[in-house]
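Trainee:
Take a look at the structure:
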């Protein structure tokens with residue numbers, strides 16, 4: 023029994039000595055961090071903070087790459103995006119950019135300072151949900167002045183696959199985020215093309231003015247409750263007709279007779295095809311506009327407006343529930 027007690031006592035004493043040694047090592051390490059000008063006998067001790075236990079890793083697959091671009095002070099670079107530009111941000115005020123009023127998916131960008139040294143960045147957000155990041159450096163004579171991001175899909179795919187990072191904005195489906203839901207741009211284009219190819223089945227719905235007419239030729243509804251309206255636009259004169267916009271409203275049926283007009287504009291998701299937007303003399307084109315499906319309440323109608331740019335041949339016409347009930351499944 024005495025032997026056992028002696029062994030236990032020796033183990034306890036040895037652990038105590040090791041603990042004291044470890045404590046002394048820690049103490050000496052902490053003391054070494056204190057400047058020599060401070061007395062080690064004082065209460066000034068450095069605070070050691072453990073790594074935060076709730077830090078989350080950023081996986082490579084979640085990282086989006088950036089495009090390199092060189093800017094000049096004397097020359098302008100044009101970058102073409104697949105959709106309208108909604109927002110622009112630069113990391114430094116050495117970068118200046120503008121968006122032409124006539125072409126809202128083109129960014130004109132250049133340097134506001136000649137020969138800036140530090141690399142900076144810029145970010146572009148587009149209407150279809152795209153996010154595009156650029157690393158910007160200065161070059162008085164850039165090799166590239168015009169960039170079409172839409173044509174970079176294959177290169178994006180190969181590069182992101184090799185790097186093991188997330189797909190770029192242009193190589194993943196662009197998405198419209200609206201109150202009614204999310205709409206994938208490529209799916210809308212494919213469905214619109216199907217509508218263009220389908221046989222016309224609606225007659226005598228539309229409007230004419232000054233040898234220009236807009237007629238509804240078909241209505242289709244897909245599984246996401248998106249309504250596709252096929253319009254035939256026809257120019258019956260030698261004067262070219264340039265389309266400014268096509269808008270859709272929900273209005274009171276008898277709004278002409280009312281003092282207060284009750285109306286609600288419906289956000290159109292796409293006008294397909296985007297180009298051409300001009301009808302030359304004696305020509306016609308089929309346009310498909312898509313928008314979230316609406317059920318019309320009593321006393322309401324759907325009104326379509328087609329406006330000529332810098333001209334007066336504007337037409338508008340109405341669709342009631344009886345016409346909308348002719349819609350077919352896409």
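Numbering (the numbering used here), first residue to last: 23 to 352.
Glycine is no exception: its CB is placed at the ideal position from the N, C-alpha and C atoms.
1. Hey, quick one: how far does the alpha helix (DSSP H) through residue 178 stretch, first residue to last?
2. Using CA atoms only, rank isn't needed, just tell me which of 133, 217 and 96 is closest to residue 159.
3. Using DSSP's beta-bridge definition, name the partner residues of residue 111.
4. Report the option in 305, 315 and 273 whose CA atom is closest to the CA atom of residue 340.
5. Could you tell me which of 256, 287, 225 and 309 sits nearest to residue 345, measuring between CA atoms?
6. For residue 306, does the count of other Cβ atoms within 10 angstroms reach 16, so buried, or fall short, so exposed?
7. Could you check which residue in 85, 121, 326 and 116 has the C-alpha nearest to that of residue 238?
8. Enumerated in chain order, which unbroken segments of the alpha helix (DSSP H) with a length of 4 residues or greater are wholly contained in the stretch 243-327?
9. What are the boundary residues of the alpha helix (DSSP H) that residue 207 is part of?
10. Are residue 91 and residue 128 closer than 9 Å when you measure CB to CB?
11. Can you give me the start and stop residues for the beta strand (DSSP E) that residue 93 sits inside?
12. By Cβ distance, which residues of its chain are closer than 8 Å to residue 5, with the 5 residues on each side in sequence left out?
13. Could you check what DSSP says for residue 356 in three-state terms: helix, strand or coil?
14. Is it right to say residue 13 is buried, meaning 16 or more other beta carbons lie within 10 angstroms of its own, or is it exposed?
Mentor: In brief:
1. To locate residue 178, count along the chain shown from 1; it is residue 156. First-last of the alpha helix (DSSP H) with residue 178: 175-185.
2. Along the chain shown, read from residue 1 onward, the residue named residue 159 stands at position 137. Selected option, being the one with the closest Cα: 133.
3. Working through the chain shown from its first residue, we reach residue 111 at position 89. In DSSP, residue 111 forms a bridge with 145.
4. Here residue 340 refers to the residue found at position 318 of the chain shown. When only C-alpha atoms are compared, the closest one is 273.
5. For the purposes of this step, residue 345 is identified with residue 323 of the chain shown, where counting begins at 1. The residue with the shortest Cα to Cα distance from residue 345 is 225.
6. Sequence index remark: in the chain shown, residue 306 carries index 284 (1-based). By the neighbour-count rule (16 or more Cβ atoms within 10 Å), residue 306 is not buried but exposed.
7. Along the chain shown, read from residue 1 onward, the residue named residue 238 stands at position 216. Closest option to residue 238, Cα to Cα, is 326.
8. none
9. Working through the chain shown from its first residue, we reach residue 207 at position 185. Residue 207 -> alpha helix (DSSP H) spans 207-219.
10. Here residue 91 is taken as the residue at index 69 of the chain shown, counted from 1. Here residue 128 is taken as the residue at index 106 of the chain shown, counted from 1. Taking 9 Å as the Cβ cut-off, residue 91 and residue 128 do not qualify as a contacting pair.
11. If you number the chain shown from 1, residue 93 lands on position 71. Looking at the DSSP string, the run of the beta strand (DSSP E) that includes residue 93 is 89-93.
12. A question about residue 5 goes unanswered here, because the residues of the chain that appear run from 23 up to 352.
13. Outside the modelled stretch of the chain, which goes from 23 to 352, sits residue 356, for which no answer is possible.
14. What the structure shows of the chain is the stretch from 23 to 352, and residue 13 is not part of that stretch, so it cannot be assessed.
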